[in-house]
Structures are given as C-alpha cells and as structure tokens.
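Protein chains in written order, with our numbering: chain A, 51 to 186; chain B, 51 to 186.
We put the beta carbon where it would ideally sit given N, CA and C, even for glycine.
Only a predicted model underlies this, so the values are computations on that prediction, with no experimental measurement involved.
2 protein chains.
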Amino acid sequence: MQTEEEILKIKKVKNTAVRTVVLRHLLSLEKAQSLKDIENALPYMDRSSIFRTLKTFEENKVIHSIEDGSGMTKYAVCAEGCNCDPKDLHYHFYCTNCDKTFCLFDVPIPNIQLPKNFKLQQANMVVKGLCDNCNR
Amino acid sequence: MQTEEEILKIKKVKNTAVRTVVLRHLLSLEKAQSLKDIENALPYMDRSSIFRTLKTFEENKVIHSIEDGSGMTKYAVCAEGCNCDPKDLHYHFYCTNCDKTFCLFDVPIPNIQLPKNFKLQQANMVVKGLCDNCNR
DNA sequence: TAATCTTTGCAATCGAGTTGCGGTAAATGC
DNA sequence: GCATTTACCGCAACTCGATTGCAAAGATTA
Chain A
51 MQTEEEILKI KKVKNTAVRT VVLRHLLSLE KAQSLKDIEN ALPYMDRSSI FRTLKTFEEN
111 KVIHSIEDGS GMTKYAVCAE GCNCDPKDLH YHFYCTNCDK TFCLFDVPIP NIQLPKNFKL
171 QQANMVVKGL CDNCNR
Chain B
51 MQTEEEILKI KKVKNTAVRT VVLRHLLSLE KAQSLKDIEN ALPYMDRSSI FRTLKTFEEN
111 KVIHSIEDGS GMTKYAVCAE GCNCDPKDLH YHFYCTNCDK TFCLFDVPIP NIQLPKNFKL
171 QQANMVVKGL CDNCNR
C-alpha cells in the first residue's frame with residue numbers, strides 16, 4: 051500500500067496539508083465518497099478547498115469520479131498503475147438502500163462492440179442494487 | 051410503432067395534453083433528451099409541468115432516465131415491452147463532442163458476476179467517446 | 001350538482017457545484 | 001537573502017438543474 055506522499059509524488063501533484071489530509075481520508079475508506087461526505091467527515095476543512103483538491107486529484111489521475119445516479123459525484127482513489135483509460139475500467143456498485151458506492155475491481159468488463167465508427171474513450175458503468183450488508 | 055395514446059394506455063398513465071405533447075416529442079427524436087432540451091424545444095410549456103410529466107412517465111416505465119455524466123439527467127422512451135428490469139438493460143453512448151446521448155439497443159450487455167450476496171436491480175451503463183458523426 | 005382527486009402554471013426554494021477575490025505560502029530569479 | 005512570481009487556501013457569493021408549495025383549472029366520482 052502506497053502512502054499519500056508516495057502517491058502524490060508518483061502522480062506529480064505537489065504535496066500540501068489539504069491534499070495530504072483529503073487523500074489520507076479517501077485511502078482510509080473502502081467506498082467512494084462525495085464532496086459532501088468528505089466535508090462532513092472533515093468539518094474543519096473548507097468546502098471549496100476540498101473541491102479544488104478533488105479536481106486536481108482527478109486531473110492528475112490520483113482519483114477517479116463516479117456518477118452513481120445519487121445526484122452527487124463520488125470519488126475513489128485509483129488503483130496502483132491506473133491511467134484512467136478504457137483498460138482501467140471497472141464496474142461501480144451503488145447500493146440503493148445504504149447509498150454507498152463500491153469499486154468492483156475484481157469484476158471484469160467485457161469488450162463492448164460499439165456501432166461502426168464510434169470511438170470509446172471512457173465509461174461510467176454503475177450497477178445498482180443491494181450490497182451484501184443490505185441484502186438480508 | 052405505437053402512438054402516444056397507445057403507449058399511455060398500455061402503461062396505465064392517464065392521457066392529458068401535456069403528456070401527449072411531451073411523449074410525442076420524445077418519440078420524434080432518436081436521442082435521449084434532458085429537461086432543458088425539452089423545455090427549449092417546447093417553449094410554450096411550463097418547466098415544472100414537463101418535469102412532473104417526466105417523473106410520472108418514469109414511475110410508470112414509459113421512459114427511462116440516464117445519467118450520462120453531462121450533469122443533466124436525460125430521458126428516452128422505453129422500447130416496446132420494456133419493464134426497466136435488468137433484462138431490459140442497454141448501454142448508453144455519450145458523445146463527448148456533441149453532448150448527445152444514444153441508446154445502444156443492439157449492443158448486448160453481458161452477465162455481470164457480482165460479488166457474493168450482492169443483488170442486481172438495475173444499472174446505468176454509459177460509454178463515452180465520439181459518435182460516428184464526430185469521429186471524422 | 002356537489003364533493004373529491006388530479007393536473008397544471010407560476011413562483012419560490014434547494015442544493016451540489018463552481019468561481020472571484022484577497023491573503024498567505026511556496027517556488028523561482030537575481 | 002531578498003524581491004518577484006506563481007500556486008494554494010479560505011471565505012463568500014453565485015450558477016443552474018432539480019424540486020416543491022400553492023392556488024387555479026380540469027377531470028372524476030358519489
């Protein structure tokens with residue numbers, strides 16, 4: 051497991067207090083977080099600073115964003131070696147009961163045969179249902 | 051091809067002027083539309099009436115909604131016989147150049163092997179890239 | 001017909017996301 | 001080391017899509 055400092059160094063993002071704290075927070079959780087989630091968890095931090103940090107992280111592929119249909123964009127730390135291109139795609143699972151979003155790194159995404167002359171750049175694949183904790 | 055009236059009757063949605071116009075409009079276009087798109091196309095209609103109509107349609111499975119990552123929910127008429135359950139899933143293609151969203155009814159969605167005890171209810175599968183018109 | 005329920009139009013509100021700006025800190029040039 | 005430039009941060013304000021309250025109009029039922 052890489053530390054915050056290592057990740058930022060590899061991804062060429064300058065290390066600052068805000069960035070370290072936000073990244074450490076994201077690393078400590080196994081589920082994708084919304085801006086609001088992070089705000090609530092780190093109440094002493096400024097909303098817009100977190101926002102801009104997330105944008106910086108996303109641009110530099112430290113994290114990836116997920117539109118899970120909850121109305122709030124969520125963010126999760128990229129896996130080691132991820133370049134956020136189509137080969138790094140994975141499903142996201144959104145639990146309609148507890149509103150949590152998981153990265154399903156272990157579920158392979160098959161080749162998608164697009165219509166003629168369509169070009170794949172990336173994808174947002176969200177599967178919705180009940181997570182193991184809510185499916186009882 | 052079913053008429054608006056037939057569709058509303060089958061889906062047990064009471065027929066009104068607003069509903070007929072909105073549904074006819076959606077049927078006349080091959081691409082998914084946002085609330086704003088519809089508002090712009092039907093300027094004499096009230097925003098909230100269109101909004102509530104879309105909600106009613108969605109509840110009664112006349113249309114389905116798509117989160118394509120553009121920031122605006124888009125809507126498209128369900129195919130005949132669609133029940134909006136997992137078997138009716140299809141990919142959506144979002145063109146990052148022209149901002150249009152297509153339903154890819156002809157591209158099959160493979161079985162997704164979820165982790166143990168996860169239950170699939172529905173999914174939002176958006177593939178992004180360039181459509182044939184923009185990929186030149 | 002009267003009472004009730006649904007739909008519609010208008011205006012107001014909500015909330016996630018975003019931006020402007022001044023201040024501070026870090027990096028760069030001399 | 002000091003001045004200059006650049007990047008980052010915190011605060012407040014704003015944008016805009018989505019949603020709701022309310023009253024009037026229309027449809028349905030008793």
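Residue contact with chain A for F155/B: absent (no Cβ-Cβ distance below 8 Å to any residue of chain A). For E109/A, the enclosing alpha helix (DSSP H) begins and ends at R97 to E109. By the Cβ test, the segment 130–149 of chain B is not in contact with the segment 125–135 of chain A, since fewer than three Cβ pairs between them sit closer than 8 Å. In this structure R69/B is buried. Its beta-carbon is surrounded by 16 or more other beta-carbon atoms within 10 angstroms. Contact check for N185/B against N147/A fails: the beta carbons are separated by 8 Å or more. Taking the Cα positions, A91/A is about 43 Å away from P93/B. Annotation for A126/B: the continuous beta strand (DSSP E) segment containing it runs T123 to V127. Under the DSSP definition of a beta bridge, A91/A lacks any partner. Taking a cut-off of 8 Å for Cβ pairs, the segment 118–125 of chain B and the segment 158–172 of chain B do not touch, as fewer than three such pairs fall below it. Within chain A, the residues E117 and G119 have their CB atoms less than 7 Å from the CB of E117/B, given in chain order. Counting every other CB atom within 10 Å of its CB across the protein chains shown gives M51/A a total below 16, marking it as exposed. What I162/A touches in chain B, judged by beta-carbon distance under 7 Å, is Y141, V157 and V177, going in chain order.
Taking one beta carbon from each stretch, the segment 53–60 of chain B and the segment 170–183 of chain B have fewer than 3 pairs nearer than 8 Å; the two do not touch. Nearest Cα to F101/B within the set Q163/B, V72/B and A173/B: V72/B. Counting along the chain, H114/A sits inside the beta strand (DSSP E) bounded by residues I113 to E117.
The beta strand (DSSP E) runs lying completely inside the segment 122–161 of chain B and spanning 3 residues or more are 123–127, 141–145 and 151–154, given in chain order. Residue pairing by DSSP places M51/A opposite no residue, since no beta bridge is assigned to it.
Around the beta carbon of S84/B, a 10 Å sphere encloses 16 or more other beta carbons of the protein chains shown; the residue is thus reported as buried.
Rounded to the nearest angstrom, the gap between the Cα atoms of A126/B and N65/A is 45 Å.
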